[in-house]
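Written below as structure tokens is the structure these notes are about.
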Amino acid sequence: MSEDIKKFLYVNRKAPYGTIYALESLEVVLIGAAFDQDVSLAFLDDGVFQLTKGQDTKEIGVKNFSPTFRALGDYEVTKLFVERESLDERGLSADDLQDIVWEDEDDDYAEKPSIRIISRAEMADIMADQDVILSF
Amino acid sequence: MGWLAQDDERFFPYPFLRGSNVKFGIVVSEGPYTHQASDTAYNFAKSALEAGHEVPRVFFYHDGVNVGTRLSIPPQDERNIQQQWSALGSEHGIDLVICIAAAQRRGLLDEKEASRQGKDANNIAEGFRISGLGQLIEMGIQTDRLMTFGD
Numbered sequence: 190m191s192e193d194i195k196k197f198l199y200v201n202r203k204a205p206y207g208t209i210y211a212l213e214s215l216e217v218v219l220i221g222a223a224f225d226q227d228v229s230l231a232f233l234d235d236g237v238f239q240l241t242k243g244q245d246t247k248e249i250g251v252k253n254f255s256p257t258f259r260a261l262g263d264y265e266v267t268k269l270f271v272e273r274e275s276l277d278e279r280g281l282s283a284d285d286l287q288d289i290v291w292e293d294e295d296d297d298y299a300e301k302p303s304i305r306i307i308s309r310a311e312m313a314d315i316m317a318d319q320d321v322i323l324s325f
Numbered sequence: 297m298g299w300l301a302q303d304d305e306r307f308f309p310y311p312f313l314r315g316s317n318v319k320f321g322i323v324v325s326e327g328p329y330t331h332q333a334s335d336t337a338y339n340f341a342k343s344a345l346e347a348g349h350e351v352p353r354v355f356f357y358h359d360g361v362n363v364g365t366r367l368s369i370p371p372q373d374e375r376n377i378q379q380q381w382s383a384l385g386s387e388h389g390i391d392l393v394i395c396i397a398a399a400q401r402r403g404l405l406d407e408k409e410a411s412r413q414g415k416d417a418n419n420i421a422e423g424f425r426i427s428g429l430g431q432l433i434e435m436g437i438q439t440d441r442l443m444t445f446g447d
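Order-wise, the sequence lines are chains L and C.
Start counting the first sequence at 190; every next residue gets the next number (this note's numbering).
Start counting the second sequence at 297; every next residue gets the next number (this note's numbering).
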């Protein structure tokens, strides 16, 4: 197989707190950004809670890492796919999620949304299109 | 054998992987004994190598890093997961990499890191090494298929 750019998808299925998977997934994404691959993130099942706004972890004594998602644009990670059915099943909508944007250098640094809400069927197509899937 | 034969469409759905030598990258993301992941990954790696494929690297992440401690002492009538991996690694030249960030949280240290952090002990087993997450990404880039064993 050729060693040109590969499509990496990080699949986030778990809630942000309660287990360490979400935090350690984000650590891989940040390191992986240095490798100049085609990176996407997927959020489904309880993973959609990772992107909710207004997270407050004071009472559980765990670091709130949710602001890091807003920095992903600076790492050129600009595709965050969120599954609509997972939001619906949890009573969430796009309004409950953080505003995460990236600056498009080719468009006078216009701020564009990183989050794209897609259907379960579209998510399946995106997964099928990847070279490497890392699931957390 | 047979179940991982090189022409088995279940494991090699893409024509370019069939009938040829495949390079597998393996991620172990759950802890030993608590979870089946490190056993299944071991059995998969062993079978893949026996079937003529390559496993250049295995990356241990999350609680999977605990596979690499040389201080585990399972009962004598049970498998020793660390020793199984060390033996397979040395037999086939597999690069057994423990993620440093995950390892530091969980108390896994090699000699160099123990001294750098001012700790009084180290516990990494033979054949394992501690390195960064970049090794995981590099494995994804350089292998034909990346297999994750975990939840």
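From the three backbone atoms N, C-alpha and C, an ideal C-beta is built for every residue, glycine too.
Given residue i, which residues of its chain have a CB within under 8 angstroms of its CB, disregarding the five upstream and five downstream residues?
i: L/Ala204; result: Ala211, Asp235, Gly236, Phe238, Gln239
i: L/Thr257; result: Leu215, Leu219
i: L/Gly262; result: Ile289, Val290, Trp291, Glu292, Ser303
i: C/Tyr338; result: Ile377, Gln380, Trp381, Leu384
Under a three-way DSSP split, which group does residue i fall into?
i: L/Ser191; result: Unreliable placement is indicated for L/Ser191, whose pLDDT of 47 sits below 50; the coordinate value is still reported in the next sentence. Three-state result, L/Ser191: coil.
i: L/Leu261; result: helix
i: C/Thr439; result: coil
i: C/Ser334; result: helix
i: L/Ile249; result: helix
i: C/Asp391; result: strand
i: C/Arg425; result: strand
i: C/Ser368; result: coil
i: L/Leu286; result: strand
i: L/Ser324; result: strand
i: L/Lys242; result: coil
i: C/Glu434; result: helix
i: L/Asp227; result: strand
i: L/Val218; result: helix
i: C/Phe340; result: helix
i: L/Val266; result: coil
Tell me, which residues are paired with residue i by DSSP?
i: L/Ile307; result: L/Glu272
i: L/Ala340; result: Lying before the first or after the last residue shown, residue 340 of chain L is absent from chain L, which here runs from 190 to 325.
i: C/Glu350; result: C/Lys319
i: L/Asn201; result: L/Phe232
i: L/Ile315; result: Answer is none; L/Ile315 lacks a bridge partner.
i: C/Ile420; result: C/Thr365
i: L/Lys196; result: L/Asp227
Taking the alpha carbon of residue i as the point to measure from, which residue in the options has its own alpha carbon closest?
i: C/Gln332; options: C/Arg425, C/Arg441, C/Arg375; result: C/Arg375
i: L/Val200; options: L/Thr241, L/Glu278, L/Asp285, L/Phe270; result: L/Phe270
i: L/Glu265; options: L/Arg279, L/Asp297, L/Asp225; result: L/Asp225
i: C/Ser325; options: C/Asp335, C/Asn418, C/Val318; result: C/Asp335
i: C/Ala347; options: C/Pro371, C/Leu429, C/His388, C/Glu407; result: C/His388
i: L/Ala222; options: L/Asp314, L/Thr267, L/Asp320; result: L/Thr267
i: C/Leu384; options: C/Ser343, C/Gly403, C/Gln372, C/Tyr357; result: C/Ser343
i: L/Ile194; options: L/Thr208, L/Val217, L/Val228, L/Glu213; result: L/Val228
i: C/Pro328; options: C/Pro370, C/Thr444, C/His349; result: C/Pro370
i: L/Lys247; options: L/Arg202, L/Lys301, L/Tyr206; result: L/Tyr206
i: L/Arg259; options: L/Gln319, L/Asp295, L/Lys301; result: L/Lys301
i: L/Arg202; options: L/Asn253, L/Ser275, L/Ile249; result: L/Ser275
Are the beta-carbon atoms of residue i and residue j separated by less than 8 angstroms?
i: C/Val361; j: C/Phe320; result: no
i: C/Ile246; j: C/Ile396; result: Residue 246 of chain C is absent from the structure shown; chain C starts at 297 and stops at 447.
i: C/Val363; j: C/Ile377; result: yes
i: C/Asn365; j: C/Asn317; result: Here the sequence assigns Thr to residue 365 of chain C, which means Asn is not the residue at that position. Their beta carbons are not under 8 angstroms apart, which means C/Thr365 does not touch C/Asn317 by this criterion.
i: C/Phe340; j: C/Gln431; result: no
i: L/Lys242; j: L/Leu198; result: no
i: L/Val251; j: L/Leu323; result: no
i: L/Leu188; j: L/Met312; result: Given that chain L is displayed from residue 190 to residue 325, the structure contains no residue 188 of chain L and the question cannot be resolved.
i: C/Met435; j: C/Leu442; result: yes
i: L/Glu278; j: L/Arg309; result: no
i: C/Ala421; j: C/His358; result: no
i: C/Val323; j: C/Thr444; result: yes
Output needed for residue i: all residues of its chain with C-beta closer than 7 angstroms, excluding positions within five of it in sequence on either side, in chain order.
i: C/Ile437; result: none
i: C/Ala417; result: Ala410
i: L/Ala283; result: Ile306
Which residues in chain B sit within 7 angstroms of residue i, going by Cβ to Cβ distance?
i: L/Val266; result: Reference to chain B is not applicable here, since the protein chains of this structure are L and C.
Going by beta carbon distance, what residues of the same chain come within less than 6 angstroms of residue i, once the five residues before and after it are set aside?
i: L/Val321; result: Lys195, Phe197
i: C/Gly423; result: Ser382, Gly385, Ser386, Leu392
i: C/Asp406; result: Asn418, Ile420, Ile426
i: L/Ser255; result: Gln244
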